[in-house]
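Quick note, the sequences are listed as chains P and L, same order.
Residue 130 in this note's numbering sits at position 130 of the first sequence, and the numbers go up by one each step.
Residue 45 in this note's numbering sits at position 45 of the second sequence, and the numbers go up by one each step.
Beta carbons: idealized from backbone N, C-alpha and C, even for Gly.
Below you'll find the structure, written out as structure tokens, and then a few comments.
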Amino acid sequence: MVGDGSFLVEEFIDSITSQLDRVQDSLRIKAVNRPLTYALKDMSLELKVFVELDAQGKVRFRTGGPNEAGASVVHLGFTTITKPMIEENTVSLAASRSPTLEEAGLAPEEQLRLERVGVRNMAQLERLQSSTGVQTVARYADMPVDRLKRALVLNRPKVTAVHPTPPRPAPVPAPAPRPPQSVAGKPRMPQPQPPASQPPVLKLKPGTRRLQLSGHRLIGEAGPPKVHLNNQPLGIAEADDDRLVVEIPEDHLGGTLEVRLHDGSVAAYELSVDDGESWGPSAGTAGTAGADGHGDAWSDGWAPDEEEMS
Amino acid sequence: MAWHELAETLLELVESVAPQGEPGLVVTEAELEIPLEVGGAVDRGRLVFYAGAPHSRWRTGFLPPVHRSRIRVELVELLEEDAGGR
Numbered sequence: 001m002v003g004d005g006s007f008l009v010e011e012f013i014d015s016i017t018s019q020l021d022r023v024q025d026s027l028r029i030k031a032v033n034r035p036l037t038y039a040l041k042d043m044s045l046e047l048k049v050f051v052e053l054d055a056q057g058k059v060r061f062r063t064g065g066p067n068e069a070g071a072s073v074v075h076l077g078f079t080t081i082t083k084p085m086i087e088e089n090t091v092s093l094a095a096s097r098s099p100t101l102e103e104a105g106l107a108p109e110e111q112l113r114l115e116r117v118g119v120r121n122m123a124q125l126e127r128l129q130s131s132t133g134v135q136t137v138a139r140y141a142d143m144p145v146d147r148l149k150r151a152l153v154l155n156r157p158k159v160t161a162v163h164p165t166p167p168r169p170a171p172v173p174a175p176a177p178r179p180p181q182s183v184a185g186k187p188r189m190p191q192p193q194p195p196a197s198q199p200p201v202l203k204l205k206p207g208t209r210r211l212q213l214s215g216h217r218l219i220g221e222a223g224p225p226k227v228h229l230n231n232q233p234l235g236i237a238e239a240d241d242d243r244l245v246v247e248i249p250e251d252h253l254g255g256t257l258e259v260r261l262h263d264g265s266v267a268a269y270e271l272s273v274d275d276g277e278s279w280g281p282s283a284g285t286a287g288t289a290g291a292d293g294h295g296d297a298w299s300d301g302w303a304p305d306e307e308e309m310s
Numbered sequence: 001m002a003w004h005e006l007a008e009t010l011l012e013l014v015e016s017v018a019p020q021g022e023p024g025l026v027v028t029e030a031e032l033e034i035p036l037e038v039g040g041a042v043d044r045g046r047l048v049f050y051a052g053a054p055h056s057r058w059r060t061g062f063l064p065p066v067h068r069s070r071i072r073v074e075l076v077e078l079l080e081e082d083a084g085g086r
């Protein structure tokens, strides 16, 4: 709502819906002590408003003031719908977790152009692009193709780092003291990038049971990515958009770790089990590998005094 | 006239359908067409709509506009499975 008393149509709908939900909830609470209750089945409102267009091109309503003639009449109908109807007609929660256009770095005018073709987040843009092509989207949204491509590339799902989570403490005490230079979280400089065909190598201490994958947009509409070690699926202990914890078998001997992201790309790492002599938190910090295989890939072999990049 | 939130006004309208006391009469369905004075305001950062009966049935003076509304209420038996959602 702005100073002139006008409000966006979606604000209006949200506000009325919230009020109607309150009515239903109150009626349901009353039913606890009554065998029967009334339910508000539907409601329609002939709202007398002045319709305005703001500087961003968005439609705003302003309710008519006293003795103000010439208002438009907007007929709005609200009705109750069932859960299956909601699921059929709304965007899934998984889809809505995708970055918004604003979070993807698009300017307000660009956001508005994409919203006009029904795109409100990056997942919707990707879906439209995969079905119609980026050229078509750009033509209908009246945006440069390069701008759309850049936004799509920058917001692709990717794995940026893999870390072994600390293994369970062994019954024998006194782990070897860490070198003073090896400070967890201290930025490290990457090694020169290996060829794209060679996946980064991650050395693990024996007994490592979990790996933490850091990244961006790790969860898609179908859920978290599939993670395989030597083509054997791994269990996922924790999943979030920027973090994934996978469980690896206790007796594994290393091999190829593949993360199959929801855009079809695969991030690969080579796991090797070290006997513990050369293992350390720094050596266990995996390099980043772009989902496309030619991202910021760096590998193992960092000396403890090297700086870490996370 | 005191302004009430739209939800409170609608609840009052629904309640008005239920007969008071135990008259042995049950209204199973009702449709109300009523004029409402509706206004919006921002309360704690969110848009809230207020609604109430018109100030007067006469077109006189300096009055806010009246918005015609229609609501339909039905008597329902709340089942266990309905308790989780609409």
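(1) In the DSSP assignment, find the unbroken beta strand (DSSP E) run with LYS226 of chain P in it and report its ends.
(2) Measuring alpha carbon to alpha carbon, tell me which of P:ARG243, P:ALA138, P:LYS203, P:SER44 ends up nearest TYR269 of chain P.
(3) Per DSSP, which residues does ALA161 of chain P bridge with? Please list them.
(4) Thinking C-alpha only, which one of L:ARG46, L:GLY39, L:LEU25, L:VAL48 is nearest GLU46 of chain P?
(5) Is it buried or exposed for LYS58 of chain P, if we count other Cβ within 10 angstroms and need 16 for buried?
(6) Determine, for ARG68 of chain L, whether the minimum Cβ-Cβ distance to residues of chain B falls below 9 Å.
(7) When you compare the CB of GLN135 of chain P with every CB in chain L, is at least one pair closer than 9 Å?
(8) Is it buried or exposed, GLY185 of chain P, if we count other Cβ atoms within 10 angstroms and call 16 or more buried?
(9) In chain P, which residues lie with their C-beta within 8 Å of the C-beta of ALA53 of chain L?
(10) When you compare the CB positions of PRO157 of chain P and LEU261 of chain P, do they come within less than 9 Å of one another, or not?
(11) Where do the N-terminal and C-terminal ends of the beta strand (DSSP E) with ASP50 of chain P fall, by residue?
(12) Closest Cβ-Cβ distance between ILE248 of chain P and chain L: below 9 Å?
(13) With a CB to CB cut of under 7 Å and the five nearest residues on each side skipped, what residues in its chain are close to ALA138 of chain P?
(14) My output table needs one value for ASN67 of chain P: the three-state DSSP class, helix, strand or coil.
(15) Against chain P, does GLY24 of chain L count as a neighbour if the rule is that its beta carbon must be under 9 Å from one of theirs?
(16) So, is the C-beta of SER26 of chain P closer than 9 Å to a C-beta in chain L?
(17) Between the stretch 62-82 of chain P and the stretch 32-52 of chain P, are three or more C-beta pairs nearer than 8 Å?
(18) Let me know if SER6 of chain P comes out buried or exposed under the rule of 16 or more other beta-carbons within 10 Å of its beta-carbon.
(19) Does any residue of chain P bring its CB to less than 9 Å from the CB of ARG44 of chain L?
(20) At what residues does the beta strand (DSSP E) containing GLN236 of chain P begin and finish?
(21) For a contact defined as C-beta to C-beta under 7 Å, what are the partners of ILE71 of chain L on chain P?
(22) Work out the CA separation of ALA161 of chain P and ALA242 of chain P for me, nearest whole Å.
(23) With 16 other CB atoms within 10 Å as the buried threshold, where does ARG150 of chain P fall?
(24) Going by DSSP, what residues sit across from GLU77 of chain L in a beta bridge?
(25) What does THR63 of chain P touch in chain L if you count any residue whose Cβ is under 7 Å from its own?
(26) Taking only beta-carbon atoms, is ASN33 of chain P less than 9 Å away from chain L?
(27) Under the DSSP definition of a beta bridge, which residues are partnered with SER26 of chain P?
(28) If the cut is a Cβ gap below 7 Å, which residues of chain L does ARG22 of chain P touch?
(29) Under 8 Å between beta-carbons, which chain L residues line up against ILE16 of chain P? List them in chain order, please.
(30) Would you check if the distance between the CB atom of ALA123 of chain P and the CB atom of GLU221 of chain P is smaller than 9 Å?
(31) How would you label MET85 of chain P, buried or exposed, when you count the other beta carbons within 10 angstroms and need 16 or more for buried?
(32) Between L:GLU15, L:VAL14, L:GLY52, which has its C-alpha nearest ARG68 of chain L's C-alpha?
(33) Rounded to a whole number of angstroms, what is the C-alpha to C-alpha distance between LEU125 of chain P and VAL119 of chain P?
(34) Would you call the stretch 67-85 of chain P in contact with the stretch 204-220 of chain P, where contact means no fewer than 3 C-beta pairs closer than 8 Å?
(35) Nearest to VAL23 of chain P by CA position, among P:GLU11, P:TYR38, P:VAL32, is which residue?
Once the coordinates are examined:
(1) Position 226 of the first sequence holds residue 226 of chain P. From DSSP, the beta strand (DSSP E) with LYS226 of chain P extends over 226-229.
(2) Locating residue 269 of chain P in the first sequence gives position 269, where the first residue counts as 1. Residue P:LYS203 is the option with its Cα nearest to TYR269 of chain P.
(3) Walking along the first sequence from the start, residue 161 of chain P turns up at place 161. Looking at the DSSP assignment, ALA161 of chain P forms a beta bridge with P:SER214.
(4) Counting from 1 along the first sequence, the entry for residue 46 of chain P is found at position 46. Nearest of L:ARG46, L:GLY39, L:LEU25, L:VAL48 to GLU46 of chain P, Cα basis: L:GLY39.
(5) Within the first sequence, numbered from 1, the residue matching residue 58 of chain P stands at position 58. With fewer than 16 other Cβ atoms within 10 Å, it is exposed.
(6) Among the chains of the structure shown, chain B does not appear; the protein chains present are P and L.
(7) On the first sequence, residue 135 of chain P is found 135 positions in, with the first residue counted as 1. No, because no Cβ of chain L sits closer than 9 Å to the Cβ of GLN135 of chain P.
(8) The count along the first sequence starts at 1 and reaches residue 185 of chain P at position 185. Summary for GLY185 of chain P: the model assigns pLDDT 45, below 50, so the residue's position carries little reliability; its value from the coordinates is reported in the next sentence. With fewer than 16 other Cβ atoms within 10 Å, it is exposed.
(9) Residue numbering aside, residue 53 of chain L sits at position 53 when the second sequence is read from its first letter. Those within 8 Å of ALA53 of chain L in chain P number zero; the least Cβ separation is about 15 Å.
(10) The count along the first sequence starts at 1 and reaches residue 157 of chain P at position 157. The count along the first sequence starts at 1 and reaches residue 261 of chain P at position 261. Contact flag set, yes.
(11) For this step, residue 50 of chain P is matched to residue 50 along the first sequence. Reading off the sequence, residue 50 of chain P comes out as Phe, not Asp. From DSSP, the beta strand (DSSP E) with PHE50 of chain P extends over 36-53.
(12) Here the question's residue 248 of chain P lines up with position 248 in the first sequence. It does not: the Cβ of ILE248 of chain P has no partner Cβ on chain L nearer than 9 Å.
(13) The count along the first sequence starts at 1 and reaches residue 138 of chain P at position 138. Excluding positions up to five away in sequence, the list reads PRO144, VAL145, LEU148.
(14) Counting from 1 along the first sequence, the entry for residue 67 of chain P is found at position 67. In this structure, ASN67 of chain P counts as coil in the three-state DSSP scheme.
(15) Counted from its first residue, the second sequence places residue 24 of chain L at position 24. No, GLY24 of chain L lies away from the interface with chain P (no Cβ there is under 9 Å from its Cβ).
(16) As a position in the first sequence, residue 26 of chain P is number 26, starting the count at 1. It does; some Cβ of chain L falls within 9 Å.
(17) yes
(18) Your numbering for residue 6 of chain P matches position 6 in the first sequence. Per the 10 Å Cβ criterion, buried.
(19) As a working mapping, residue 44 of chain L is identified with position 44 in the second sequence. No, because no Cβ of chain P sits closer than 9 Å to the Cβ of ARG44 of chain L.
(20) Position 236 of the first sequence, counted from the start, is the residue given in the question as residue 236 of chain P. What sits at residue 236 of chain P in the sequence shown is Ile, not Gln. Segment 235-240, the beta strand (DSSP E) holding ILE236 of chain P.
(21) Counted from its first residue, the second sequence places residue 71 of chain L at position 71. Under the 7 Å cutoff, chain P gives LEU40, MET43.
(22) As a working note, residue 242 of chain P is residue 242 in the first sequence. As a working note, residue 161 of chain P is residue 161 in the first sequence. For the record, residue 242 of chain P in the displayed sequence is Asp; it is not Ala. Cα-Cα distance, rounded: 10 Å.
(23) Counting from 1 along the first sequence, the entry for residue 150 of chain P is found at position 150. Burial call: exposed.
(24) Locating residue 77 of chain L in the second sequence gives position 77, counting from the first residue. Answer is P:LEU36, bridged to GLU77 of chain L.
(25) In the first sequence, residue 63 of chain P corresponds to position 63, counting from 1. Chain L residues near THR63 of chain P: VAL38, GLY39, GLY40.
(26) Looking up residue 33 of chain P in the first sequence gives position 33. With 9 Å as the cut-off, ASN33 of chain P does not count as an interface residue toward chain L.
(27) Taking the first sequence and counting its residues from 1, the one referred to as residue 26 of chain P is at position 26. In DSSP, SER26 of chain P forms no bridge with anything.
(28) Counting from 1 along the first sequence, the entry for residue 22 of chain P is found at position 22. Ordered by position in chain L, the residues that pass the 7 Å Cβ test against ARG22 of chain P are ALA7.
(29) The sequence position of residue 16 of chain P within the first sequence is 16, counting from 1. Neighbours of ILE16 of chain P on chain L, chain order: LEU6, PHE49.
(30) Position 123 of the first sequence holds residue 123 of chain P. Position 221 of the first sequence holds residue 221 of chain P. Contact flag set, yes.
(31) Residue numbering aside, residue 85 of chain P sits at position 85 when the first sequence is read from its first letter. Looking at its Cβ environment, which holds fewer than 16 other Cβ atoms inside 10 Å, MET85 of chain P is exposed.
(32) To locate residue 68 of chain L, count along the second sequence from 1; it is residue 68. The residue with the shortest Cα to Cα distance from ARG68 of chain L is L:GLY52.
(33) For the purposes of this step, residue 125 of chain P is taken as the residue at position 125 of the first sequence. For the purposes of this step, residue 119 of chain P is taken as the residue at position 119 of the first sequence. So the two alpha carbons sit approximately 6 Å from each other.
(34) no
(35) Taking the first residue of the first sequence as 1, we reach residue 23 of chain P at position 23. Ranking the options by Cα distance to VAL23 of chain P, first place goes to P:TYR38.
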